[in-house]
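Participant:
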Amino acid sequence: MMNSHHPDDNPKNSVAVEDLTQPHWWTLNHVAGEPGKWTRAMLIERLAKYEDLGIDFNSVFDDLVARGWLTEDAGLMTLTEAGEEGRLRARERNLRVHQQMHEGIDTADFVTTVNVLRRLVANLGGDGNLPD
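The sequence shown lines up with residues 30 to 161 when you count with our numbering.
#1: Which word fits Val60, buried or exposed, when buried means at least 16 other C-beta atoms lie within 10 angstroms of its C-beta?
#2: Let me know if His127 comes out buried or exposed under the rule of 16 or more other beta-carbons within 10 Å of its beta-carbon.
#3: For the alpha helix (DSSP H) containing Glu63, name the first residue and the last one.
#4: Between which residues of its own chain and Leu146 is the CB-CB distance below 6 Å, once the five residues before and five after are set aside?
#5: Quick check on the burial criterion: 16 or more other C-beta atoms within 10 angstroms. Buried or exposed for Phe139?
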């Protein structure tokens with residue numbers, strides 16, 4: 030039997046509550062994981078392989094700076110306190126959505142499914158590796 034959930038209960042919409050897109054989310058997580066490591070060019074190179082819509086990452090970075098969520102010192106990015114708070118709110122919503130998605134699915138079955146999908150992508154010439 031299918032569970033009935035709100036239409037906004039999916040990963041993309043869970044971060045949209047903060048007016049974030051998936052590239053915003055990727056940026057926040059990378060910068061939070063290694064503050065002061067990423068320049069714009071380095072992060073664009075890192076993230077570009079995970080998107081195929083021609084996203085203007087500089088606009089994403091500019092938006093986060095304008096919100097006061099991201100700072101750049103000598104070109105190196107760091108989240109502000111407001112940025113980390115926003116990232117944590119979005120993360121909490123994402124975790125709830127992921128828990129819903131995994132309801133009734135055994136962990137081993139989930140891992141097998143992901144590995145099969147990765148193989149399908151690789152068989153079609155794509156990059157089947159998962160992001161770090």
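All C-beta atoms, glycine included, are put in the ideal place defined by N, C-alpha and C.
Facilitator: Per the coordinate set shown:
#1: Classification of Val60: buried, given that the 10 Å Cβ count is 16 or more.
#2: Counting Cβ neighbours within 10 Å, His127 comes out exposed, since fewer than 16 surround it.
#3: Premise fails: Glu63 is in no alpha helix (DSSP H) and is neither H nor E.
#4: Excluding residues up to 5 positions away in sequence, nothing lies with its Cβ nearer than 6 Å to the Cβ of Leu146 in the same chain.
#5: Counting the other CB atoms within 10 Å of its CB gives Phe139 a total below 16, which places it among the exposed residues.
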